[in-house]
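These notes are about the structure you will find just below.
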Amino acid sequence: MSTKLIRRVSLAAVVLLSAACASVQSKGAPPPSLYARLGGYEALAAVTDDILARELKDSVIAPFFKGLEPADMQRIRQHLLDQLCAATGGPCFYPGKPMKAVHAEMEITTDIWNTFTRHIAETLDAFKVPDRERNELAAIVNSMKADIVTKP
Ligand code: HEM
């Protein structure tokens, strides 16, 4: 390539790059993720612990977790947190099994589901999560219902 041609190509690249940058800048920064609006990892960890504590105190839900070792509970807690973090746009990866496979043998009914999700709502009350974030979180949770509820 001649020196003249190299100069022209470089100039064209600079012009294109500037146009691309200007276009990105004019659109501004992306809106904060649900993860960020909920307060990030530590906030989600506190929410996860609060939900689990409520579930394990409930006489309908607790029997499902009966007989699990502390190490199992630790894994479930971490996986719940990873899942929540990843699904809300946080920097996490959920390494657990798909929801359908995890809950397949549990025969979870709509009533049991409603009890479980009522506790999630109580947690969000306790943490004073605003309506917009609650609704977005509810949509994420509800998107899993068909895989978890296997009995009418
Ligand atoms: C919002 C709804 C729910 C979500 C997001 C959810 C999520 C999870 C996650 C992430 C795990 C850990 C999976 C793994 O370690 O691979 C898990 C395990 C478990 N879930 Fe759920 N779950 C939900 C509803 C329920 C309900 C309604 C019940 C029953 C009352 C239930 C009972 C269990 C049990 C017993 C385990 C432990 C399974 C085992 O490791 O032996 N879950 N769930």
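Position one of the sequence shown corresponds to residue -3 (our numbering), numbered consecutively onward. Each residue gets a CB set at the ideal place from its N, CA and C atoms; glycine is no exception.
Cα-Cα, which of M102, H75, G24 is closest to Y90?
H75
Could you check whether the segment 28 to 46 touches the segment 93 to 110, counting it as contact only if at least three pairs of C-beta atoms, one from each stretch, sit closer than 8 Å?
No, the segment 28 to 46 does not touch the segment 93 to 110.
Cβ-Cβ distance between Y37 and G92 below 9 Å:
no
How long is the line joining the alpha carbons of R73 and C88, rounded to whole angstroms?
Cα to Cα, the separation comes out at about 14 Å.
Check whether F123 and D46 have beta carbons under 9 Å apart
yes
Tell me whether V145 sits in a helix, a strand or coil according to DSSP, three-state version.
coil
So, for T113: in the same chain, excluding its five sequence neighbours on each side, which residues have a beta-carbon less than 7 Å away from its beta-carbon?
Excluding sequence neighbours, T113 sits near V137.
At 4 residues or longer, and completely inside the segment 85 to 112: list those alpha helix (DSSP H) runs for me, N to C.
95 to 99
Rounded to a whole number of angstroms, what is the C-alpha to C-alpha distance between A117 and R50?
In this structure, the straight-line span from the alpha carbon of A117 to that of R50 is close to 11 Å.
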